[in-house]
Each structure stands twice: as C-alpha cells, then as structure tokens.
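Visitor: I have a structure here, written as structure tokens, and I will follow up with some questions on it.
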Amino acid sequence: MNLGSRQGPSGPRIELQLPFYGASFPSPVAGLYYAQVGSSVVVADGALVEEASGYLVPQRGKLGTFLVRNSVPGDDAVNVTYQVRRNGVPVGSPVILGNNAVGPSQVDLSKFGVNAGNLVTIQAVLPSGIVGLPPVPKFLLTWFPGAAE
Numbered sequence: 015m016n017l018g019s020r021q022g023p024s025g026p027r028i029e030l031q032l033p034f035y036g037a038s039f040p041s042p043v044a045g046l047y048y049a050q051v052g053s054s055v056v057v058a059d060g061a062l063v064e065e066a067s068g069y070l071v072p073q074r075g076k077l078g079t080f081l082v083r084n085s086v087p088g089d090d091a092v093n094v095t096y097q098v099r100r101n102g103v104p105v106g107s108p109v110i111l112g113n114n115a116v117g118p119s120q121v122d123l124s125k126f127g128v129n130a131g132n133l134v135t136i137q138a139v140l141p142s143g144i145v146g147l148p149p150v151p152k153f154l155l156t157w158f159p160g161a162a163e
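When you line the sequence shown up against this note's numbering, it's residues 15 to 163, in that order.
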C-alpha cells in the first residue's frame, strides 16, 4: 500500500504499511496483549505469543509512523498503552489512547532501523479498572524498505 511518496537522496521513497490492521480484545481482563499480524484479534501474553504474532521483516529499512485509532471506543475512561517492539525490545515512545476515546494518536519511529530477520510486534497493555467493554483499536505501522540505517 502506497501511503504517499517522499523524496530521498536517490529519488522517491515509498512508505509501506506493515500487515497490522485491527484488533479485538478477547475480554476486559487487565494484562499484556499482542496484535496478531493479518488478524483482527489481539492475543493475551503467554509462551511464544510475541514470536508467533509478530511481523518478520524481509529486508533492511526504517520504521515510519505508528498510529492507533479506536474504531469502537470502550466504555471506561482509562488509558490503554500500545508499544512497537523490535526483537522483544520497546522501540520509541508508546502510544497512549483512552479506552473511551476515538483518537487517532501517533508516534514517529523514523529514527529506528530494522534488518532482515527482525521481528516487529505491537504490544498492548490493558490496565485494570476496565469494567465495561474494551476498545476495538486499528493500527497503522509503516516502514521504508531499503532505507539506510
């Protein structure tokens, strides 16, 4: 998906979207969750969940924008935290979006490079205090393949 062209030293740079789309929390239980690549669910943390739910980067590049919007807001006024991770380590600032807010909220990750074989994941922290329904977030995570690190 071409999200717009930008000029680089060697011509136009095309920003691509990584295959994270939307998510539904399985329940309002507080804890760590991971957005599953190409799926519409987030999965509760457990053995090898992060490894199974992430995107395996095919070539060197740079991350771009990470944006979160609640397509269906939740019921309670607590903050849900979303964090991009590379090889199990947080990258950049987290995106914090109210459970009952629409958003969007975003962070620029363009200072962070990726190499072939890196695992990129989106971690969600659902806080305690959610009594009603959790949100249904949608994600936009972009990258520039082949960009110098």
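Idealized CB from N, CA, C, for every residue including glycine.
Quantities reported herein were computed from a predicted structural model and do not represent experimental measurements.
(1) Using alpha carbons as the reference points, say which of Leu-154, Leu-155, Gly-88 lies closest to Ile-144.
(2) On the three-state DSSP scale, how would you describe Val-56?
(3) When you compare only the Cα positions, how much space is there between Gln-31 and Ser-38?
(4) Expressed to the nearest angstrom, what Euclidean distance is found between the alpha-carbon atoms of Leu-123 and Arg-74?
(5) Rounded to the nearest angstrom, what separates Phe-158 and Leu-77 at their Cα positions?
(6) Where do the N-terminal and C-terminal ends of the beta strand (DSSP E) with Val-150 fall, by residue?
(7) Rank Val-109, Pro-104, Val-139 by C-alpha distance to the C-alpha of Val-57 and give the top, closest one.
(8) For Pro-87, is the beta carbon positioned less than 7 Å from some heavy atom of the ligand MG?
Guide: Reading it off the structure:
(1) Gly-88
(2) strand
(3) 20 Å
(4) 15 Å
(5) 6 Å
(6) 150 to 159
(7) Val-139
(8) Annotation note on the ligand MG: not contained in the displayed structure, which lists no ligands.
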